[in-house]
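Novice:
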Amino acid sequence: MAEFSPKLKEALSLVQKPGRYTGGEPGCTYKDKANVDVRMAFCFPDTYEIGMSFLGEKILYELLNRHENWWCERAFMPWVDMKEQMERLHIPLYCLESKDPLTDFDIVGFSLEYELCYTNILAMLDLAGIPLRAADRDERWPLIISGGPCVCNAEPMADFFDIMQLGEGEQMLQDICATVEAGKKAGWNKDQLLFELSKIPGVYVPSFYDVTYLPDGRVESIKPNRPGVPERVTKAIVKDMDSFVPPENFVVPMVGAVQDRACVEVLRGCVRGCRFCQAGQLYRPFRERSPKLISESARVLCRNTGYDELSLSSLSTSDHSRLEDILDELNSWAETDHVSLSLPSLRVDNFSQSLVEKTTKVRKSGLTFAPAAEAGTQRLRDVINKNVTWDQIERGCRIAFAEGYTSVKLYFMMGLPTETLEDIKGIADTAQQVVDLYYSMEHPKGKGVQVTISVACFVPKPDTPFQFCAQDRRETLREKQKYLLSCVHSRKIKVNYHDSATSVLEGVFAKGDRRMGRVIETAYHNGAFFDTWEEFFSYDRWLEAFAACGLDPDFYNYRALGLDEVTPWSHLDVGVTHAHLVREYQKALQAQTTQPCNRQCSACGANKLLGGPCFDYSKNSL
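Letter by letter, the sequence shown follows residues 651 to 1272 in this note's numbering.
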């Protein structure tokens, strides 16, 4: 473990949570720099507690460090107190393992998980002393790369990255490291390196593409500016989930992470096809891990880390075709090892008593049942293709109440396409029906129910059928929030809702083009960072940045897209075809549903990434 410099010791003595910045946690990887050919800094643009909850970092950290001559380390966005001390004492941003500054690394990688973290990326580069824009960095600087779901529309951050990874990183990132290693040994300049990297499936080099605009501000075209570069970049995927063993040794955080437990990814993708859900489209096609591999890896992970809670992670864990087998495999050792099981992604329509029994053999991981209804009326649930009925919600709640659950969180969205005030009232009505259901059943005297309504503001996202929709205006959302509150008449119901201002900015960046880079940089220089934290977010500061750059934010999120419009993400292929998105959008306007793709193929196009059908429908009795 590296020594702490006198300056770093001074800084750590003056901050609230020094454990965020010390490293040395169980499970860290340390290597002899003399024997390392490629060094990568994995940077998460938020606090340690949030970054250490991110499963993607754990997967890639272990995967890269399995290579003897590669070393992957971690860096996080320092909290305000540490940022001030680092600037005062001229301490550059460093990685926790070696304490070396980011400028000592070959690759500096960022995860783009959420649009409102964009200014934190600039803050971290600035703290490291690295020029913000890719055009200002030659081969003397580290290669600055990114990955994560926001790369599906890479353009708002394109000016700051040398390469951006579209899709899943397990093989892609290893290929990038291997190419960087080859380039170092061959003495390539930056342009040569970028060209070789552009040949890797899923790698997007923004500087190799030119953007032109129409007089009205819409994108006219995004074209390669040199031969040998693909017209469209197709995302990388892992075809066989069993080909990559899940992490078997996490870095165990010194300061409590938001999600501080063992975690195994059981499947990737989603069969549901909810029309608002970007993740459900981006991670197609649906792929499962085998029960035996899940169980074996989980047992090793729990024993290596000492965790006594195991979470089965995915977008839709209860859609695994062999979930009961997985739980049986896990329970063959979990009870003996005193490890409790958690299924955070259960769907209300396949929640069952059997699942409750098999996940509570050691202890109940919580007393909150959290079905996601998303919409308050059946008509709107059909519009968004939720494929959930009140009867299914009632059945799930009845099972949960019978098992002793007394708290229910109902998740909804507000501002969905075709939404009316009747749909808003339906949110309150659904919550009241759950309250009434509880009191219609027998319970020990004195026990009451608490129903919490959590309402998010809908943001149209790229690569979804609702990408064509305009976002609800901030004033409209506020009126709907007030109306919802007026419809709740029970003290047993609590309403939580999000500030619409952050949702507005999220919508602008979600559908923004390359001109957004100037806005993001201007806002950062004017003091914007930690925009995900309410105490630091300033909507007025962002409006000033848009005005200074001569851009109207309303153009991006308050304008419906034409069905044939060239979008800022048209050159990035995530597998789902444009024709499929148009079909689903038109079906939504008619409140017509589409079957889950494990029951019937909707011809979304993602199967081309597998080279064949996603499912064997001959085995499906439905």
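Built from N, CA and C at the ideal position, the CB exists for glycine as well.
On a predicted model such as this, the values are computed, not experimentally measured, just so you know.
When you compare only the Cα positions, how much space is there between Val855 and Tyr764?
Specialist: Those two C-alpha atoms are separated by around 21 Å.
Novice: Per DSSP, which one or two residues make a beta bridge with Tyr863?
Specialist: BP columns for Tyr863 point to Val869.
Novice: Mind checking His988: buried by the 16 CB within 10 Å criterion, or exposed?
Specialist: Under this definition His988 is an exposed residue.
Novice: Are the CB atoms of Pro865 and Ile1170 nearer to each other than 8 Å?
Specialist: No, Cβ-Cβ distance for Pro865 and Ile1170 is not below 8 Å.
Novice: Here's the rule: buried if 16 or more other CB atoms are within 10 angstroms of the residue's CB, otherwise exposed. What is Lys873?
Specialist: Label assigned to Lys873: exposed.
Novice: Just curious, the beta strand (DSSP E) that Ala1025 is in, first and last residue?
Specialist: Segment: none, Ala1025 is in no beta strand (DSSP E) and carries neither H nor E.
Novice: Run through DSSP, which three-state label would Tyr1208 get?
Specialist: Reduced to three states, the DSSP call for Tyr1208 is coil.
Novice: With a threshold of 16 other CB atoms inside 10 Å of the CB of Arg922, please say whether the residue is buried or exposed.
Specialist: Its Cβ being crowded by 16 or more others within 10 Å, Arg922 is buried.
Novice: Under a Cβ-count criterion, where at least 16 other Cβ atoms within 10 Å of its own Cβ denotes burial, should Trp721 be classed as buried or exposed?
Specialist: Label assigned to Trp721: buried.
Novice: Check Gln815 in the structure and name its three-state DSSP category.
Specialist: The answer is strand: DSSP assigns Gln815 an E or B state.
Novice: Quick one, are the C-beta atoms of Phe1118 and Ala1210 less than 8 Å apart?
Specialist: Yes.
Novice: Would the beta-carbon of Arg1128 fall within 8 Å of that of Ser1150?
Specialist: The answer is yes: Cβ separation under 8 Å.
Novice: Confirm, please, whether the CB-CB distance from Ala808 to Gly1167 is below 8 Å.
Specialist: Yes; because the gap between Cβ atoms is below 8 Å, this pair is in contact.
Novice: Which value, in whole angstroms, describes the spacing of the CA atoms of Arg1249 and Arg1031?
Specialist: About 19 Å.
Novice: Distance check for Gly1096 and Leu1193, CA to CA, integer angstroms please.
Specialist: If you take the alpha carbons of Leu1193 and Gly1096, they lie about 52 Å apart.
Novice: By how many angstroms is the C-alpha of Gly797 removed from the C-alpha of Phe1277?
Specialist: Residue 1277 falls outside the range modelled here, since the chain spans only 651 to 1272, and no answer is possible.
Novice: Ends of the alpha helix (DSSP H) at Ala1238?
Specialist: Run containing Ala1238: 1228 to 1239, per the alpha helix (DSSP H) assignment.
Novice: To which residues does DSSP link Arg1191 through a beta bridge?
Specialist: According to DSSP, Arg1191 bridges with nothing at all.
Novice: Along the beta strand (DSSP E) that carries Ser1136, what are the first and last residues, could you check?
Specialist: Segment 1124 to 1137 is the alpha helix (DSSP H) holding Ser1136; no beta strand (DSSP E) there.
Novice: Classify Thr862 as buried or exposed, calling it buried when 16 or more other Cβ atoms lie within 10 Å of its own Cβ.
Specialist: By the 10 Å Cβ count, Thr862 comes out exposed.
Novice: Can you round the beta-carbon distance between Ser883 and Asp1223 to whole angstroms, since I take them to be within the 8 Å contact cut?
Specialist: Before going further, note that residue 883 is Val rather than Ser in the sequence given. About 7 Å; that satisfies the 8 Å criterion.
Novice: Please return the same chain residues whose Cβ sits closer than 6 Å to the Cβ of His1148, not counting the five positions on each side in sequence.
Specialist: Closer than 6 Å at the Cβ level, and outside the excluded window around His1148, lie Ala1106, Cys1107.
Novice: Name the residue from Glu712, Ala684, Arg868, Val730 whose alpha carbon lies nearest to the alpha carbon of Lys667.
Specialist: Minimum Cα distance to Lys667 is reached at Val730.
Novice: Can you give the Cα-Cα distance for Gly817 and Leu762, rounded to whole angstroms?
Specialist: So the alpha carbons of these two residues sit roughly 12 Å apart.
Novice: Going by other Cβ atoms of all chains shown within 10 Å of its Cβ, with 16 needed for buried, is Leu1017 buried or exposed?
Specialist: Note that Leu1017 scores a pLDDT of 45, beneath 50, so its modelled location is shaky; the value from the coordinates is reported in the next line. Looking at its Cβ environment, which holds fewer than 16 other Cβ atoms inside 10 Å, Leu1017 is exposed.
Novice: Give the secondary structure of Asp1223 by DSSP, where H, G and I count as helix, E and B as strand, and everything else as coil.
Specialist: Correct three-state label for Asp1223: strand.
Novice: Would you check if the distance between the CB atom of Lys885 and the CB atom of Gly852 is smaller than 8 Å?
Specialist: Yes, these two residues count as a Cβ contact at 8 Å.
Novice: Looking at the strands, I want to know which residues DSSP matches up with Met732.
Specialist: Answer is none; Met732 lacks a bridge partner.
Novice: Jot down the residue ranges of each uninterrupted alpha helix (DSSP H) in the region 1142 to 1189, minimum 4 residues, whole runs only, in chain order.
Specialist: Segments of the alpha helix (DSSP H) lying fully in the region 1142 to 1189: 1150 to 1160, 1166 to 1175.
Novice: What are the complete beta strand (DSSP E) segments, minimum 3 residues, inside the region 661 to 695?
Specialist: Listed in chain order, they are 688 to 694.
Novice: Determine the direct distance from the alpha carbon of Tyr933 to that of Val950, and round the result to whole angstroms.
Specialist: Each residue's alpha carbon lies about 27 Å from the other.
Novice: Could you tell me which of Leu960, Pro676, Met774, Lys1144 sits nearest to Phe1180, measuring between CA atoms?
Specialist: Out of Leu960, Pro676, Met774, Lys1144, Met774 has the C-alpha closest to the C-alpha of Phe1180.
Novice: Using C-beta distances below 6 Å, list every residue in its chain close to Ser1015, excluding the 5 sequence neighbours before and after it, in chain order.
Specialist: Low confidence applies here, because Ser1015 scores a pLDDT of 46, under 50, leaving its location unreliable; read the following figure in that light. Only Ser990, Ser992 meet the Cβ criterion.
Novice: Would you call the region 886 to 901 in contact with the region 672 to 685, where contact means no fewer than 3 C-beta pairs closer than 8 Å?
Specialist: With a cut-off of 8 Å, the region 672 to 685 and the region 886 to 901 count as touching, because enough Cβ pairs lie within range.
Novice: Going by the beta-carbon positions, is the gap between Phe936 and Cys1264 smaller than 8 Å?
Specialist: Yes, the Cβ-Cβ distance between Phe936 and Cys1264 is below 8 Å.
Novice: If we ignore side chains and look at the alpha-carbon of each, how far apart do Ala948 and Asn954 end up?
Specialist: One C-alpha to the other measures close to 10 Å.
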